[in-house]
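Peer 1:
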Amino acid sequence: MRADSSSEPETTNQKLEASSGEIITNSPEETFAFARSLGERLTGGEVFLLKGDLGAGKTVFAKGLAAGLGIASSEVTSPSFTIINEYTGRLRLYHIDLYRLDDGLHDELGLAEILEDRQAVVVIEWAERLGFVPEQATLVELSWLSENQRIIAMS
Ligand code: ADP
Ligand code: MG
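This note's numbering puts the first residue of the sequence shown at 784, with every later residue one more than the last.
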């Protein structure tokens, strides 16, 4: 992944100008704040597909989105073992982590119904394992740049 389009220094008050593009964050707090600012503007029906290696910041991003929806981020824990966690804030939030999902078990998760919920925001970690791309989805690719820096590419 290239970083040269985001070479300007970023502040902690980054605003998402559009739902596509690339930024570099310099700390977990910046990734959180970026996602929170995004979350504040959601109206329901949005789906975020988070891709990136272990430690890339997917859960930090999901917690930021939650905060933007008025859900206490301390409540938001990695759903690795439960696969789906549901929270209620300004909108419902489904936080899904497919890391441990066995191939072919998607049908049993009730994902189709969740993806149709217009009062909900859906954020999916390890979205590579989904096996399909929901129509309205925003792809968020997080990648490691240095210990405290991540590239966040949205498309
Ligand atoms: P994932 O869910 O992708 O496996 P996590 O969000 O659980 O990753 O963890 C990301 C880790 O990277 C955390 O320990 C966090 O503190 C650290 N980190 C360091 N810099 C950043 C950054 N710029 N953005 C997000 N996380 C960062
Ligand atoms: Mg995670």
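Ideal Cβ positions, reconstructed from N, Cα and C, are used throughout, including at glycine.
Quick caveat, the model's predicted, so the values are computed rather than measured.
Take D836 and list the residues in its own chain whose beta-carbon comes closer than 7 Å to its own, dropping the five residues that flank it on each side.
Peer 2: For the purposes of this step, residue 836 is identified with residue 53 of the sequence shown, where counting begins at 1. Cβ neighbours of D836 beyond the five flanking positions: W927.
Peer 1: Less than 6 Å between C-beta atoms, sequence neighbours within five positions excluded: which residues of the same chain meet that for R873?
Peer 2: Taking the sequence shown and counting its residues from 1, one reaches residue 873 at position 90. L852, G853.
Peer 1: Measure the alpha-carbon distance for G914 versus E813 and round it to whole angstroms.
Peer 2: In the sequence shown, residue 914 corresponds to position 131, counting from 1. In the sequence shown, residue 813 corresponds to position 30, counting from 1. One C-alpha to the other measures close to 30 Å.
Peer 1: By how many angstroms is the C-alpha of A845 removed from the C-alpha of I867?
Peer 2: On the sequence shown, position 84 is the one that residue 867 refers to. On the sequence shown, position 62 is the one that residue 845 refers to. Roughly 13 Å separates the two Cα atoms.
Peer 1: Tell me which residues share the same chain as G822 and place their Cβ nearer than 6 Å to its Cβ, disregarding the 5 neighbours each side in the sequence.
Peer 2: Translated into the one-based positions of the sequence shown, residue 822 becomes position 39. Hits under 6 Å: L848, G851, L852.
Peer 1: Would you identify the three-state DSSP class for F915, choosing helix, strand or coil?
Peer 2: Position 132 of the sequence shown holds residue 915. F915: coil per DSSP, three-state reduction.
Peer 1: Three or more beta-carbon pairs under 8 Å between the segment 827-835 and the segment 898-918, yes or no?
Peer 2: Yes, the segment 827-835 touches the segment 898-918.
Peer 1: Going by the C-beta, is D880 closer than 7 Å to any heavy atom of the ligand HEM?
Peer 2: In the structure shown, the ligand HEM is absent; the only ligands present are the ligand ADP and the ligand MG.
Peer 1: Assign R883 to one of two classes, buried (16 or more other C-beta atoms within 10 Å of its C-beta) or exposed (fewer than that).
Peer 2: Within the sequence shown, numbered from 1, the residue matching residue 883 stands at position 100. Counting Cβ neighbours within 10 Å, R883 comes out exposed, since fewer than 16 surround it.
Peer 1: So what's L832 in DSSP terms, helix, strand or just coil?
Peer 2: For the purposes of this step, residue 832 is taken as residue 49 along the sequence shown, with counting starting at 1. Three-state result, L832: strand.
Peer 1: With the cut-off set at 8 Å, would you say I806 and F815 are in Cβ contact?
Peer 2: Within the sequence shown, the letter at position 23 stands for residue 806. Within the sequence shown, the letter at position 32 stands for residue 815. The answer is no: Cβ separation not under 8 Å.
Peer 1: Taking the C-alpha atoms as reference points, what is the distance between L892 and Q902?
Peer 2: Against the sequence shown, residue 892 aligns to sequence position 109. Against the sequence shown, residue 902 aligns to sequence position 119. Their backbone Cα atoms lie some 19 Å apart in a straight line.
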